[in-house]
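Worksheet: the structure to be examined is printed underneath.
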Amino acid sequence: MKQMFDQRPNRLTLRKDFEKRTWQTSESFADYCHEKVILAGQVPIDEDEIIDYVIDGVPDPRLRDQARLHWFAEVSELLKAFENITLQNNPKTERIPFKKNQQKTTKEDRIATTETSPEMANSTQKKTFKCFNCKEPGHRASNCKKPREAEKSTGDRPNSSTEGSSATEANLVQPIVGSNPYTVSVEYAAP
Numbered sequence: 001m002k003q004m005f006d007q008r009p010n011r012l013t014l015r016k017d018f019e020k021r022t023w024q025t026s027e028s029f030a031d032y033c034h035e036k037v038i039l040a041g042q043v044p045i046d047e048d049e050i051i052d053y054v055i056d057g058v059p060d061p062r063l064r065d066q067a068r069l070h071w072f073a074e075v076s077e078l079l080k081a082f083e084n085i086t087l088q089n090n091p092k093t094e095r096i097p098f099k100k101n102q103q104k105t106t107k108e109d110r111i112a113t114t115e116t117s118p119e120m121a122n123s124t125q126k127k128t129f130k131c132f133n134c135k136e137p138g139h140r141a142s143n144c145k146k147p148r149e150a151e152k153s154t155g156d157r158p159n160s161s162t163e164g165s166s167a168t169e170a171n172l173v174q175p176i177v178g179s180n181p182y183t184v185s186v187e188y189a190a191p
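Residue numbers (UniProt numbering): 1 to 191.
Laid out in structure tokens, this is it:
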């Protein structure tokens, strides 16, 4: 009789069910947490581990990280923190993985493939690229076939050395010696 009606699931199955349980968008965090604690009681798991497992069941990585930063000591603190939080499917936050054989798009590709108004199309057609290396329009310095010349690019501007400077005066700051170091007496000659 005991063999027939005493069909308890083994610990491994209970633990897998416990670890698989995640927070769903259709339920509140309190419902999820309550069910996770009940499953933890069937497995037996320590209180501090329960908090970690409950946090691991949150599908949003930002919410998970935020919960880990708070170092909750009790499940009730975690429940209070997530009291007004609802889980949403937000397509903007879901990332699409990059495939190995997929080519990365450049800014020019994105401009060419997006649909724009006629005014926008005219403004992008008028805009030409100018190479900073050879100063010729139509390409960029990263695609320039001419060798880079460092002297050319810095020759247009004076550098910080004295050869580019035409100053003949220098300002000298000296400490004022006297009873009042922040005041200076100035005398004017009458015209």
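We put the beta carbon where it would ideally sit given N, CA and C, even for glycine.
Backbone secondary structure at residue i - three-state DSSP
| i | result |
| --- | --- |
| P137 | strand |
| K20 | helix |
| K130 | strand |
| P61 | helix |
| T86 | coil |
| Q66 | helix |
| T25 | coil |
| N143 | helix |
| R11 | helix |
CB contact flag (residue i, residue j, <8 angstroms)
| i | j | result |
| --- | --- | --- |
| I55 | A67 | yes |
| C33 | L78 | yes |
| F18 | V58 | no |
| P137 | K145 | no |
| K80 | Y53 | no |
Residue from the options with nearest C-alpha to residue i
| i | options | result |
| --- | --- | --- |
| residue 214 | F29, K80 and A40 | Within the shown structure, residues of the chain are numbered from 1 to 191, placing residue 214 beyond reach of any answer. |
| D46 | D60, V75 and C134 | V75 |
| T25 | P147, I85 and G138 | I85 |
| F29 | D60, P9 and Q7 | D60 |
| L63 | R11, V37, P147 and F82 | F82 |
Separation of residue j from residue i, as counted between CA atoms
| i | j | result |
| --- | --- | --- |
| T128 | N89 | 41 angstroms |
| D31 | A141 | 59 angstroms |
| T162 | N133 | At T162 the pLDDT is 48, less than 50, meaning the model places this residue with poor confidence; the figure from the coordinates comes in the next sentence. Near 26 angstroms, if we compare the C-alpha coordinates of N133 and T162. |
| L69 | H139 | 48 angstroms |
| K20 | W71 | 23 angstroms |
| I38 | P9 | 15 angstroms |
| W23 | L12 | 21 angstroms |
| P147 | D65 | 48 angstroms |
| I51 | E27 | 19 angstroms |
| N143 | K135 | 12 angstroms |
Endpoints, alpha helix (DSSP H) assigned at residue i
| i | result |
| --- | --- |
| L79 | V75 to A81 |
| D56 | E47 to D56 |
| Y32 | F29 to Q42 |
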